[in-house]
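Here the structure is laid out as structure tokens; the discussion comes afterwards.
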Ligand code: PLP
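In the numbering used here, the protein residues as written are 271 to 627.
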């Protein structure tokens, strides 16, 4: 008891823990960012993200969904008269943000820059404009023409907003995404990403000029009125981003594994859909078979693969979506392709060049 009473008080104890690297932040952050929910880890993570994307600042949100929803709706508030041009296949979170901003909006056909230009050219040249698009579209595995979009933005005086959720950590020499890979990252105004996919944690963010980040920080309800990310998650994200910045060999292996799987599937006559990314969609074309194959792969072969049915994709294009990781071996891929061949025959699904049975 005496010993306990004579222990150092809270201040020295905290200082000692700090020196040991354990800052004792607890499971939750304890508040919103502006009211006690900002810790050393949040600030460190924002600095890490700004550095990753070569921007002046970054702003954290509790998910990628919230970052899109909050940022896009707030841009209408801070830029009166703003017109947003949105790719037809943009993620629900972008659509939701654009809708709730209640400003003028136009949807251009997916990855169709001629259509985008038509819409830009028809608008008042003096109106503020923003083009919102993704880099990697996760259902088809296709990638936007980022340089072409930037060129149009410059021609018509528009800002650019890119969702790199399916690319951060996985593309570019330091894992900043496809805009980094393509050497055009500095010309994108606002980059949005998630910490929940390649970075393996949870949370979302934007990175941009300080003036844009400050405007969104000051007016975005989805930033202001919610408990901030748990400090441990912020610390985990910093470690993950730092690791991936330094380890491009993981990205090289990832691309090689995706190419290896596509080649194996194509050789077996499985209908791999054209994809220029790490996403490997295989068309089944029927929702019942799609779910059934996914179930059997799990129950009989111990392989988990997502069935993607309507409304996520158009009817008739139901598919299995494979996302091989750098850790998948040739042997694993051979097992998978053998299992798929059996199931394709069992369900009498079309192969490239005809039906199996
Ligand atoms: N943007 C895209 C393109 C997505 O696919 C997703 C989620 O899958 C999100 C945003 C939302 O990200 P998060 O899962 O971090 O909320």
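All C-beta atoms, glycine included, are put in the ideal place defined by N, C-alpha and C. This one's a predicted model, so the numbers in the text were calculated from it and none came from an experiment.
Practice prompt. State yes or no: is the C-beta of residue 367 within less than 9 Å of the C-beta of residue 353?
Written response: No, Cβ-Cβ distance for residue 367 and residue 353 is not below 9 Å.
Item to complete: Given a cut-off of 9 Å, decide if residue 476 and residue 460 are closer than it, judged by their beta-carbon atoms.
Response: Result yes, Cβ atoms of residue 460 and residue 476 sit closer than 9 Å.
Worksheet item: Quick one: what's residue 356 bridged to in DSSP?
Response: In the DSSP output, where bridge partners are listed per residue, residue 356 has 377, 402.
Discussion item. What does DSSP give as the partner residue(s) for residue 331 in the beta ladder?
Written reply: Answer by DSSP bridge pairing, in chain order: 474.
Worksheet entry | Span of the beta strand (DSSP E) around residue 576 | From DSSP, the beta strand (DSSP E) with residue 576 extends over 576-578.
Worksheet item: Would you say residue 570 touches ligand 1, meaning its beta carbon is less than 8 Å from a heavy atom?
Response: Not under cutoff, so the answer is no.
Worksheet item: Which term fits residue 291, buried or exposed, when burial requires 16 or more other beta carbons within 10 angstroms of its beta carbon?
Response: Confidence at residue 291 is low in this model, with a pLDDT of 48, below 50, so its placement is unreliable and no value can be given for it.
Practice prompt. Return yes when the Cβ of residue 467 is within less than 9 Å of the Cβ of residue 322, no when it is not.
Written response: For residue 322 and residue 467, no; Cβs fall outside 9 Å.
Worksheet entry | Chain-order list of residues whose beta-carbon lies under 6 Å from that of residue 333 (same chain, five-residue window excluded) | Excluding sequence neighbours, residue 333 sits near 474.
Practice prompt. Determine contact between the stretch 590-605 and the stretch 511-531, defined as no fewer than three beta-carbon pairs at a distance below 8 Å.
Written response: Counting Cβ pairs under 8 Å, three or more are found: they touch.
Fill in: Closest residue to residue 441 among 548, 355, 486, 395 (Cα-Cα distance)
Closest option to residue 441, Cα to Cα, is 548.
Worksheet item: What span of residues does the alpha helix (DSSP H) with residue 590 cover, start to end?
Response: Not the alpha helix (DSSP H): residue 590 falls in the beta strand (DSSP E), residues 589-592.
Item to complete: Verify whether the separation of the beta carbon atoms of residue 521 and residue 445 is less than 9 Å.
Response: Yes, the pair counts as a contact, with Cβ atoms nearer than the cut-off.
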